[in-house]
């Protein structure tokens, strides 16, 4: 499998004021701190972690919505970080994004046809009639009625809006789609519809997905590989079918054991690893291993030394001092 | 005293919202029983009426546009201590109808006898008052304690829900707490007057999965310690699985199924419940199986379909389902389902018990 996207030592720091309302004291919030991974063509990679772990920032930095602080993002042998705006624009047509909130990501004053057709307008593709034709085709692809192209977003339900967002992402025949929590705003019975559709689209159009979510069960279902992030750092990478059976990092173990299973017989007697406390502030992360403040097996060395991301064989990467 | 160990019995509750577009039938003829010392889970998608039901019980429906148009909410009279309002005769002997109480009497019930944990702890705590003030308020208002006693009890409650340095944290404001800690404060607050019933409306929806696990563990622990019944509302079947004794599945303002937790997950008696279970992936699944979604979307409550509300999305729907609404029938011990497939004349579908 050839690599379509390679992220190397990506860092994204945001400047934040920690001084209070009248005193200015800037600090850097390390949203993404030295993250490296690659994605093969046709693969689905899941990116999971709690709120504030930097998963959305990684996605947004890849499509160029944020400028990275350091590191390199290589997409089809082009380093996106050094491209000019004009060159980046060309790349971006092949690199699309599906957003989390289908209510906020569609312009309420534009018709659905215009929303889906806008990427083609921007890149001046085809004649007006051809574009209209393509919009109808896209609406059919995502399971909506082509006659609804003249309607406005408010006339659709949440699940239908997410389909519109997906149709817009497909308009330019992309190769790579970053789906940022595409189903978390939807009802349970609708989530499966959207996930199945994403799987079908991948099969038919040969798409590659970076699937960002906090729902581990869904990520495990849709992804080939899973990357677990904690406080801006990668803690574990593995095949999705193996990560549930043999998680190595204590954080992954805790995360998996926190996911409820819809079966009372299992659920009532499950031994949970309950993590204490909350995620530390990314402005002032703990020294050494970021997870040590909540880790059940932390030792003095964890405070002193940052663990390296080590390969444990067949692509299973983990960053912990006590995993062998 | 009522004999049959019932804490609360909702009978035929109907709540409508009168909007410019028409009447929204949010809850339609809903009946539900909460036994003493039990956990009842209510599962449903957004718009299924699960929150409106509980707001109706608390009589917190904004009116207008909302109106409770029928039904009774019977609550154990011995717990309320309102002898002159307690039914003396009939099937609801020893119970008080909350919907019939005057506003001032209802105020004595809220917080004191029924505690509520809301979904979003940031919105439901007052940002300009200290946690201590908000914690002690209900105890003082209900006359359970003086200010000093209430303060002491609030500190104990904060310690009980696992807030470190409770003495100091009492003087903090809500923004100084993290999301998970605020939800712990909400729980402490709901429990501070030792209510007989606690209603938790999606208590973990806005929280991360690791914090959700903390809160659920805490609720289980407290349930064992304090003798309250809990109603837990969620859209997630898996959260309810580990907590509830009895589960009620709601759809379009109706109860579609009600069963003991084990029965519901092992032999669901309604196509909607079955559909919900097949449409979520399981973390412990060995193979990657394709999900089976429920096609279509929930009905518009302004003009709900005639007959069974789930029929337009149901793959087993028969002609009668589109014409007539099925009744809620007993399909097993303590197991009720609203589906014509249980009728002896219906075609056989795997997993459905026939009853007369």
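Residue numbers (this note's numbering), protein chains in the order written: chain A, 119 to 442; chain B, 18 to 373. In this text, a Cβ means the ideal position worked out from N, Cα and C, and glycines have one as well.
Leaving aside the five residues that flank residue 389 of chain A on each side, the residues in its chain whose CB is nearer than 8 Å to its CB run, in chain order, 375. Three or more Cβ pairs closer than 8 Å define a contact, and the region 164 to 178 of chain A meets that threshold against the region 324 to 336 of chain A.
Here residue 73 of chain B carries a helix assignment [DSSP, helix/strand/coil]. The Cβ neighbour count for residue 167 of chain B, taken over all protein chains shown within 10 Å, is at least 16; the residue is labelled buried.
The continuous beta strand (DSSP E) containing residue 52 of chain B extends over residues 39 to 52.
Annotation for residue 339 of chain A: the continuous alpha helix (DSSP H) segment containing it runs 334 to 340. Judged by beta-carbon spacing, residue 27 of chain B lies within the 8 Å limit of residue 90 of chain B, meaning their Cβ atoms are closer than that value.
Ranked by Cα distance from residue 434 of chain A, the first of A:378, A:383, A:357 and A:399 is A:357. Going by DSSP, residue 262 of chain B is part of no beta strand (DSSP E) at all; its letter is neither H nor E. When B:201, B:213 and B:160 are compared, the shortest CA-CA separation from residue 173 of chain B is found for B:201. Taking CB atoms only, residue 231 of chain B has a neighbour in chain A less than 8 Å away. By the neighbour-count definition (other C-beta atoms within 10 Å, threshold 16), residue 144 of chain A is an exposed residue. Judged by DSSP in its simplified three-state form, residue 365 of chain B adopts coil rather than helix or strand. Here the C-alpha atom of residue 300 of chain B lies approximately 19 Å from the C-alpha atom of residue 222 of chain B. Flagged as an interface residue toward chain A: residue 305 of chain B, by a C-beta distance shorter than 8 Å.
Selection A:404, A:272 and A:284 evaluated against residue 319 of chain A yields A:284 as nearest (Cα-Cα). Nearest to residue 352 of chain A by alpha-carbon distance, out of A:275, A:438 and A:398, is A:438.
Put simply, the CB of residue 314 of chain A is near chain B, with a gap under 8 Å to one of its CB atoms.
Identification of chain B residues near residue 169 of chain A by a Cβ-Cβ cut-off of 7 Å yields 225, ordered along the chain. Assigned with DSSP and collapsed to three states, residue 329 of chain A falls in strand. Taking all protein chains in view, the Cβ of residue 240 of chain A is surrounded by fewer than 16 other Cβ atoms within 10 Å, so the residue is classified as exposed. Three or more beta-carbon pairs drawn from the region 191 to 209 of chain B and the region 135 to 154 of chain B are found closer than 8 Å, and the two stretches are therefore classed as touching. Non-local beta-carbon contacts of residue 22 of chain B in its own chain, meaning distances under 8 Å to residues more than five positions away in sequence, involve 52 and 53 in chain order. Taking 4 residues as the minimum length, the alpha helix (DSSP H) runs contained wholly in the region 364 to 420 of chain A are 368 to 376 and 382 to 385, in order along the chain. Here residue 369 of chain A is buried, its C-beta having at least 16 other C-beta atoms within 10 Å. Note that the region 348 to 368 of chain B touches the region 322 to 333 of chain B; at least 3 beta-carbon pairs, one per stretch, sit closer than 8 Å.
Chain order gives the chain A residues near residue 294 of chain B as 380, where near means a beta carbon separation below 9 Å. In the DSSP annotation of this structure, the continuous segment of the beta strand (DSSP E) that includes residue 158 of chain A starts and ends at 144 to 158. Shortest Cα-Cα distance from residue 345 of chain B to any of B:97, B:170, B:182 and B:275 involves B:275. Secondary structure note for residue 197 of chain B: it is in no beta strand (DSSP E), and the uninterrupted alpha helix (DSSP H) holding it is 196 to 208. Residue 339 of chain A places its beta carbon less than 8 Å from that of residue 305 of chain B. Collapsing the DSSP output to three states places residue 267 of chain A in a helix.
Under the rule that a run must span 4 or more residues, the alpha helix (DSSP H) segments found entirely inside the region 83 to 148 of chain B read 94 to 97, 120 to 126 and 138 to 141.
Fewer than three Cβ pairs drawn from the region 409 to 419 of chain A and the region 194 to 209 of chain A lie within less than 8 Å of each other, which leaves the two stretches out of contact. In the DSSP assignment, residue 322 of chain A falls within the alpha helix (DSSP H) that extends over 306 to 323.
DSSP, reduced to helix, strand and coil, places residue 253 of chain A within a helical segment of the structure shown.
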